[in-house]
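Using UniProt numbering, the letters of the sequence shown correspond one by one to residues 1 to 239. Below: one structure, written as structure tokens.
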Amino acid sequence: MLNTIDEFTRDCLASGGAPALKSVDVIELLAELFILRGAPGYIRSDNVRNSSPSCSRVLNARDGGINGVKITWEECETKYNTKLGVECYERLKNRGATGASLINPYSTGITYQLIPKASVDKLPIHSMGYGRTAAADGRIFKWTFNFPTTYWSQVSAFVKYVGQQEGGMEALKGKKIALVYHNSPYGKEPIPTLTILAENTATTSSCSPSIIRGRSRNPLGCRFAATVRTGFSCGAGAS
1 MLNTIDEFTR DCLASGGAPA LKSVDVIELL AELFILRGAP GYIRSDNVRN SSPSCSRVLN
61 ARDGGINGVK ITWEECETKY NTKLGVECYE RLKNRGATGA SLINPYSTGI TYQLIPKASV
121 DKLPIHSMGY GRTAAADGRI FKWTFNFPTT YWSQVSAFVK YVGQQEGGME ALKGKKIALV
181 YHNSPYGKEP IPTLTILAEN TATTSSCSPS IIRGRSRNPL GCRFAATVRT GFSCGAGAS
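In structure tokens form, the structure reads like this:
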């Protein structure tokens with residue numbers, strides 16, 4: 001696992017799947033931004049698409065980039081479709097003089113497909129809080145970064161929080177924890193962890209699939225929200 005931003009930047013630039021850079025070259029870090037503009041229910045995509053390049057422009061203008069390396073972004077529409085996401089990766093990984101230096105898939109399904117490809121191409125994937133939970137082990141997954149949390153650590157932290165609110169983990173015995181999950185790869189990720197935690201705390205768990213259509217709130221989620229004491233949501237469409 002890379003330990004510092006300096007090391008991360010250096011290795012990104014050196015390992016972008018492109019010819020080696022000369023010291024006299026003007027260096028830019030090209031980050032690929034996968035967007036979901038065409039995916040129903042993914043309102044956050046607009047915020048990410050607008051804020052990430054804007055932040056980079058501020059850093060470039062104010063600080064001259066990061067450690068003298070300016071950041072540029074290139075968008076690719078995936079519509080939250082795994083096949084389109086893989087096509088975006090193949091099309092953009094060698095873009096520009098140095099090739100892409102960073103990939104943001106914004107999809108668990110796409111991330112799963114890109115992890116073996118990125119390992120061969122030595123192209124870092126940043127799947128912040130989503131993607132393959134096991135990728136947190138940098139000894140095995142050297143080119144995938146899903147800090148600061150994973151699906152498993154998120155649901156684990158939630159159950160511990162509920163235990164604290166109830167007066168201790170022992171107080172959860174006999175209580176019920178319900179999960180309304182998006183019926184997609186990312187939505188199903190917390191289920192094994194929640195099942196094990198329920199067994200360890202003598203609680204019962206109930207998991208109900210749900211599909212987000214359009215940009216309206218999901219009626220099943222609203223029905224649960226009216227009855228639960230403590231709620232937890234994660235991922236796109238969770239609200």
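Beta carbons: idealized from backbone N, C-alpha and C, even for Gly.
Problem set entry | Whether Y186 touches T82 by CB criterion (7 Å) | For this step, residue 186 is matched to residue 186 along the sequence shown. For this step, residue 82 is matched to residue 82 along the sequence shown. No, the pair does not count as a contact, with Cβ atoms beyond the cut-off.
Problem set entry | Nearest-angstrom beta carbon gap, D121 and K142 [assumed within contact, 8 Å] | Taking the sequence shown and counting its residues from 1, the one referred to as residue 142 is at position 142. Taking the sequence shown and counting its residues from 1, the one referred to as residue 121 is at position 121. Not really, about 12 Å apart at Cβ, beyond 8 Å.
Exercise. Would DSSP call E77 helix, strand or coil?
Worked result: The residue you call residue 77 lines up with position 77 of the sequence shown. Of the three classes helix, strand and coil, the one that applies to E77 here is strand, per DSSP.
Exercise. Going by other Cβ atoms of all chains shown within 10 Å of its Cβ, with 16 needed for buried, is A202 buried or exposed?
Worked result: In the sequence shown, counting from the first residue as 1, residue 202 sits at position 202. For A202, the number of other beta carbons within 10 angstroms of its own is below 16, and it is reported as exposed.
Exercise. With distances taken from CA atoms, which of Y106, I110, W73 is nearest R95?
Worked result: The residue you call residue 95 lines up with position 95 of the sequence shown. Looking from the CA of R95, the closest CA among Y106, I110, W73 belongs to W73.
For this session: Since I believe L172 is in contact with V162 (beta carbons under 8 Å), could you give me their beta-carbon distance rounded to a whole number of angstroms?
Result: Residue numbering aside, residue 162 sits at position 162 when the sequence shown is read from its first letter. Residue numbering aside, residue 172 sits at position 172 when the sequence shown is read from its first letter. Under the criterion of beta carbons closer than 8 Å, V162 and L172 qualify as touching, at roughly 7 Å.
For this session: Could you check what DSSP says for T204 in three-state terms: helix, strand or coil?
Result: Position 204 of the sequence shown, counted from the first residue, corresponds to residue 204. Of the three classes helix, strand and coil, the one that applies to T204 here is strand, per DSSP.
Problem set entry | Own chain, CB closer than 7 Å to N60, minus 5 neighbours either side, in chain order | Translated into positions along the sequence shown, residue 60 becomes position 60. Closer than 7 Å at Cβ, skipping near neighbours: K70, I71.
Exercise. Between which two residues does the beta strand (DSSP E) containing L84 stretch?
Worked result: The residue given as residue 84 occupies position 84 in the sequence shown. Going by DSSP, L84 is part of no beta strand (DSSP E) but of the alpha helix (DSSP H) stretching over 82-92.
For this session: Please specify which runs of the alpha helix (DSSP H), each continuous and at least 4 residues long, are wholly inside the UniProt domain "Leucine-binding protein" (60-196), giving them in chain order.
Result: With a minimum length of 4 residues, the continuous alpha helix (DSSP H) runs that stay inside the UniProt domain "Leucine-binding protein" (60-196) are 82-92, 108-121, 151-165, 185-188.
Problem set entry | Selection from E87, I110, I140 that minimises the alpha carbon distance to Y130 | Within the sequence shown, numbered from 1, the residue matching residue 130 stands at position 130. For Y130, the closest C-alpha among the options E87, I110, I140 is that of I110.
Exercise. Are L102 and P124 closer than 7 Å when you measure CB to CB?
Worked result: In the sequence shown, residue 102 corresponds to position 102, counting from 1. In the sequence shown, residue 124 corresponds to position 124, counting from 1. Yes, they are a contact pair.
Exercise. Any idea if R213 is buried or exposed, counting beta-carbon neighbours within 10 angstroms, 16 or more meaning buried?
Worked result: The sequence position of residue 213 within the sequence shown is 213, counting from 1. Only weak support exists for where R213 lies, its pLDDT of 48 falling under 50; the value from the coordinates is given anyway. Around the beta carbon of R213, a 10 Å sphere encloses fewer than 16 other beta carbons of the protein chains shown; the residue is thus reported as exposed.
Problem set entry | V58 to I140 span [Cα, whole Å] | Counted from its first residue, the sequence shown places residue 58 at position 58. Counted from its first residue, the sequence shown places residue 140 at position 140. The alpha-carbon separation between V58 and I140 amounts to approximately 35 Å.
Exercise. In the DSSP assignment, what are the bridge partners of A31?
Worked result: Taking the sequence shown and counting its residues from 1, one reaches residue 31 at position 31. Bridge partners of A31: W73, L102.
Exercise. Between the beta-carbon of E90 and the beta-carbon of I35, is there less than 7 Å?
Worked result: Looking up residue 90 in the sequence shown gives position 90. Looking up residue 35 in the sequence shown gives position 35. Remark: C-beta atoms of E90 and I35 do not approach each other more closely than 7 Å.
Exercise. Measuring CB to CB, does Y151 end up less than 7 Å from P192?
Worked result: The sequence position of residue 151 within the sequence shown is 151, counting from 1. The sequence position of residue 192 within the sequence shown is 192, counting from 1. Between Y151 and P192, the C-beta gap is not smaller than 7 Å, which leaves the two residues out of contact.
Exercise. Does the distance from the C-beta atom of N146 to that of A135 stay below 7 Å?
Worked result: The count along the sequence shown starts at 1 and reaches residue 146 at position 146. The count along the sequence shown starts at 1 and reaches residue 135 at position 135. In contact: N146 and A135 (Cβ atoms closer than 7 Å).
Exercise. Quick one: what's got a C-beta closer than 7 Å to E166's C-beta in the same chain, skipping five residues either side?
Worked result: Here residue 166 refers to the residue found at position 166 of the sequence shown. Taken in chain order, the residues that qualify are L172.
For this session: Identify which residue in A118, L33, T204 has its Cα closest to the Cα of K79.
Result: Here residue 79 refers to the residue found at position 79 of the sequence shown. Among A118, L33, T204, the Cα nearest to that of K79 is on L33.
Problem set entry | Beta-carbon proximity check, G85 vs P53, cutoff 7 Å | To locate residue 85, count along the sequence shown from 1; it is residue 85. To locate residue 53, count along the sequence shown from 1; it is residue 53. No. Outside cutoff.
For this session: To the nearest angstrom, report how far apart E87 and A100 are at their CA atoms.
Result: Start at 1 with the first residue of the sequence shown, and residue 87 comes out as number 87. Start at 1 with the first residue of the sequence shown, and residue 100 comes out as number 100. Computed Cα separation, rounded: 14 Å.
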